[in-house]
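A.B. asks: In terms of our numbering, the sequence shown has 483 at position 107, counting the first letter as 1, and numbering is strictly consecutive.
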Amino acid sequence: MDQTPESGVLSNEEGRVQTLLGLEKEICACMLCRLCDGRICAVPGEGSFSPQIVFVGEGPGAQEDRLGRPFVGRSGRFLDGMIDGIGLRREDVFITNVVKCRPPDNRDPRPDEIAACRDYLDRQIELLAPRVVVTLGRFSMERWFPGERITRIHGQVKEIGSGRVALAMYHPAAALRNPQWRNAFAADMQKLPGLLMSQ
Ligand code: URA
């Protein structure tokens with residue numbers, strides 16, 4: 377079949393990228409839960425569309441809401457530094473959140489808000505097809521390690537299907553608050569190069 381751009385027929389890869397871009401638009405227009413009422417920008421996520429690693433945080437904060445980009449504040453700079461530390465750049469990975477709109481007053485996302493956003497996250501993971509999903513904090517952990525405690529299972533790796541694994545890590549903001557968790561965050565991060573090689 378003729379798959380030149382002029383032919384109007386998309387290759388699988390072009391189709392995947394178009395679907396990811398369409399999903400971003402869908403998220404930015406989403407009205408599935410109350411969080412859309414207070415947002416300036418939805419934050420679908422950003423980074424490589426062919427990442428080996430997808431980082432999943434909790435939800436946008438004030439700066440993320442203003443800019444429409446994930447992890448742009450202090451936690452983001454910390455995360456960027458940690459990504460650098462394993463020889464990658466922020467642009468090499470994909471960074472997103474469990475909920476795509478900012479919970480007001482930095483409160484925790486509620487179960488129905490997480491449920492409303494879940495299909496977006498699942499579709500992103502499916503389309504991005506990373507080798508490793510890194511959960512940052514307990515809300516993201518709950519998606520792949522339900523009923524667990526972050527203090528107990530951070531650093532653990534679990535097969536989640538399609539040749540993919542999840543690695544549970546503390547949230548960068550928690551790591552910034554607590555030196556012990558910061559050390560654990562750095563140690564857990566060091567597992568990533570080995571995980572990428574072993575798959
Ligand atoms: N915290 C998160 O969990 N996500 C962001 O995007 C920013 C801060």
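Glycine included, every Cβ here is placed at the ideal spot set by N, Cα and C.
I believe A560 touches H530 by the beta-carbon criterion, under 8 angstroms. Please report the beta-carbon distance rounded to the nearest angstrom.
C.D. replies: 6 angstroms
A.B. asks: According to DSSP, is A405 part of a helix, a strand, or is it coil?
C.D. replies: A405 falls in the coil class under three-state DSSP.
A.B. asks: In chain order, what residues of the same chain have a beta carbon less than 8 angstroms from the beta carbon of L396, not counting five sequence neighbours either side?
C.D. replies: Scanning its chain for C-beta atoms nearer than 8 angstroms, with the 5 sequence neighbours on each side dropped, one finds around L396 the residues F425, Q500, L503, L504, in chain order.
A.B. asks: On the DSSP bridge list, what partners appear for K534?
C.D. replies: A542
A.B. asks: Can you tell me where the alpha helix (DSSP H) holding N554 begins and where it ends?
C.D. replies: Looking at the DSSP string, N554 is not in any alpha helix (DSSP H), and its letter there is neither H nor E.
A.B. asks: If you measure from the CB of P436, is any heavy atom of ligand 1 nearer than 7 angstroms?
C.D. replies: yes
A.B. asks: In three-state terms, what does DSSP make of F431?
C.D. replies: F431: strand per DSSP, three-state reduction.
A.B. asks: By DSSP, does L464 sit in helix, in strand, or in coil?
C.D. replies: coil
A.B. asks: Are the beta-carbon atoms belonging to M565 and L512 less than 8 angstroms from one another?
C.D. replies: no
A.B. asks: Quick check on G570: buried or exposed, where buried means 16 or more other Cβ atoms within 10 Å of its Cβ?
C.D. replies: exposed
A.B. asks: Looking only at C-alpha atoms, which of Q556, E389, F521, V474 sits nearest to P436?
C.D. replies: V474
A.B. asks: What do you reckon, are the CB atoms on V432 and S516 nearer than 8 angstroms?
C.D. replies: yes
A.B. asks: Quick check: the segment 469-488 against the segment 384-395, are there 3 or more CB pairs under 8 angstroms?
C.D. replies: no
A.B. asks: Ligand 1 and P446: does the residue's C-beta get closer than 7 angstroms to at least one heavy atom of that ligand?
C.D. replies: yes
A.B. asks: Name, in chain order, the residues that DSSP records as bridge partners for G423.
C.D. replies: F470
A.B. asks: If you reduce the DSSP assignment to three classes, tell me which class V385 lands in.
C.D. replies: coil
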